[in-house]
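Note sheet for the following structure.
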Amino acid sequence: MSSELFTLTYGALVTQLCKDYENDEDVNKQLDKMGYNIGVRLIEDFLARSNVGRCHDFRETADVIAKVAFKMYLGITPSITNWSPAGDEFSLILENNPLVDFVELPDNHSSLIYSNLLCGVLRGALEMVQMAVEARFVQDTLKGDGVTEIRMRFIRRIEDNLPAGEE
Amino acid sequence: MADEALFLLLHNEMVSGVYKSAEQGEVENGRCITKLENMGFRVGQGLIERFTKDTARFKDELDIMKFICKDFWTTVFKKQIDNLRTNHQGIYVLQDNKFRLLTQMSAGKQYLEHASKYLAFTCGLIRGGLSNLGIKSIVTAEVSSMPAFLEYNG
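If you read the sequences in order, they're chains S and V. So the first sequence is numbered by this note's numbering: it starts at 1397 and just counts up by one. So the second sequence is numbered by this note's numbering: it starts at 16 and just counts up by one.
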């Protein structure tokens, strides 16, 4: 039941952002920023609750994200596919995305990345464990695709322990 | 199912977001509170629709308020309202001794003035829920000490 609270609240947020910002690109950026701020805090909660140890490589990280984190916070287990030959990129395939329950994109918002908060969350959380990554949606059921696909790309390990900045 | 932690973080981010893009001053503060309250309203409307799909018709206003205090509050905040008082003339006071959205903040008077920012969404939530149950209301909240002791006047 409480997932509906989150879903509906997220919907109200996106609606408000669309009113506040004139174009979809700005809304996408805002969602990413907010997601980042959430991610840098969520990781603490995650580490405290999940007892997961340090991940030794990107593959382990992928597993933890899909099987533990997504399950814990959104109740779904995306599948991991499309590994790049170098092992630095993979896709998360979400058969269903709880954020978009009850949601339809109106025609005038075709470039809105509705669930972009998720990309920010992933980026922020992983930065706190010393990984710089890029997360982006490449397929979206809201836009008519069969599944929702998030592409994750490992950029580099963050060696310096600079304090996290809020954006 | 989305974890409570995720919702709390989202709510806090929403409050910061709304205030970040606003300027200083009483009027702006009011506008931000209204924005948050309106968001809560929409969510409350949606939520109550989902919750009461299969429940029996409510007998009267008091029955509805009891539903809000027990089922609704439990589903949203994982606990019931601690105390419900009414003057039987349309005013209800709901008291929550450990309001979940404020428990993360330090106890003490210093943050009291900011507490209203974190209550606006919830006021809207209640107002929206009541609205879809056919009740027009005004919902206000008060914090007397952190973590909260809240009063809602419906």
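By construction, the Cβ of each residue, glycine as well, lies at the ideal position given by its N, Cα and C atoms. Quick caveat, the model's predicted, so the values are computed rather than measured.
Against chain V, with Cβ distances strictly below 8 angstroms, would Met1468(S) count as a contact? One-based indexing of the first sequence puts residue 1468(S) at position 72. So, interface residue.
Three-state secondary structure (DSSP) of Phe1550(S): Residue 1550(S) sits at position 154 when you count from the first residue of the first sequence. DSSP, read as helix, strand or coil, puts Phe1550(S) in strand.
Which of the three DSSP states, helix, strand or coil, is assigned to Ile106(V)? Translated into positions along the second sequence, residue 106(V) becomes position 91. In the three-state scheme derived from DSSP, where H, G and I count as helix and E and B as strand, Ile106(V) is classed as coil.
Near Ile96(V), which residues of its chain fall below 8 angstroms by C-beta distance, leaving aside the five closest residues on each side in sequence? One-based indexing of the second sequence puts residue 96(V) at position 81. Cβ-Cβ distances below 8 angstroms link Ile96(V) to Ile83, Cys84, Lys85, Trp88, Leu109, Gln110, Asp111 in the same chain, with the five nearest sequence neighbours on each side left out; the list follows chain order.
Closer than 7 angstroms by C-beta to Pro1494(S): which residues in its own chain qualify, once you throw out the five before and the five after it? Chain order, please. Taking the first sequence and counting its residues from 1, the one referred to as residue 1494(S) is at position 98. Excluding positions up to five away in sequence, the list reads Ser1399, Thr1403, Leu1470, Gly1471, Ile1472.
Near Val58(V), what residues of its chain come up, given a Cβ to Cβ distance below 7 angstroms and the 5 sequence neighbours on each side ignored? What you label residue 58(V) is simply residue 43 of the second sequence in a count that begins at 1. Residues Leu140, Gly143 of the same chain have their beta carbon placed closer than 7 angstroms to that of Val58(V), with the five preceding and five following residues left out of the count.
If you reduce the DSSP assignment to three classes, tell me which class Asn53(V) lands in. On the second sequence, residue 53(V) is found 38 positions in, with the first residue counted as 1. Judged by DSSP in its simplified three-state form, Asn53(V) adopts helix.
Tell me, please, whether the region 1430-1447 of chain S touches the region 1520-1533 of chain S by the rule of three or more beta-carbon pairs shorter than 8 angstroms. The answer is yes - the region 1520-1533 of chain S touches the region 1430-1447 of chain S, with three or more Cβ pairs under 8 angstroms.
Consult DSSP for Val158(V) and reduce its assignment to one of helix, strand or coil. On the second sequence, position 143 is the one that residue 158(V) refers to. Secondary structure at Val158(V): strand, using DSSP grouped into helix, strand and coil.
Using a Cβ-Cβ cut-off of 6 angstroms (strictly less than) and excluding sequence neighbours within five positions of Cys138(V), which residues of its own chain qualify? Mapped onto the second sequence, residue 138(V) falls at position 123. Glu52, Val154, Ala156.
Under 8 angstroms between C-beta atoms, does Asp1441(S) make it to chain V? The residue you call residue 1441(S) lines up with position 45 of the first sequence. Yes, contact with chain V.
Option in Lys132(V), Glu28(V), Ile106(V), Lys93(V) with minimal Cα separation from Lys113(V): The residue you call residue 113(V) lines up with position 98 of the second sequence. Out of Lys132(V), Glu28(V), Ile106(V), Lys93(V), Lys93(V) has the C-alpha closest to the C-alpha of Lys113(V).
Between which residues of its own chain and Tyr1406(S) is the CB-CB distance below 6 angstroms, once the five residues before and five after are set aside? Working through the first sequence from its first residue, we reach residue 1406(S) at position 10. In its chain, beyond the 5 residues on either side, Leu1495 have a beta carbon closer than 6 angstroms to the beta carbon of Tyr1406(S).
Identify, in the order they occur along the chain, each residue of the same chain with its Cβ nearer than 6 angstroms to the Cβ of Gly1520(S), setting aside the five sequence neighbours on each side. Here residue 1520(S) refers to the residue found at position 124 of the first sequence. Closer than 6 angstroms at the Cβ level, and outside the excluded window around Gly1520(S), lie Tyr1432, Gly1435, Val1436.
Per-residue contacts from Leu1401(S) into chain V (C-beta, under 8 angstroms): Counting from one through the first sequence, the residue named residue 1401(S) turns up at place 5. Per Cβ cutoff of 8 angstroms: Ala17, Phe22, Val58, Leu62, Thr90, Val91.
Just the C-alpha distance for Leu1513(S) and Trp1479(S), rounded to the nearest angstrom, thanks. Working through the first sequence from its first residue, we reach residue 1513(S) at position 117. Working through the first sequence from its first residue, we reach residue 1479(S) at position 83. Taking the straight line joining both Cα atoms gives about 23 angstroms.
Please report whether the beta-carbon of Asp1420(S) lies at a distance below 8 angstroms from any beta-carbon of chain V. Your numbering for residue 1420(S) matches position 24 in the first sequence. Chain V, which has no Cβ nearer than 8 angstroms to the Cβ of Asp1420(S), makes this no.
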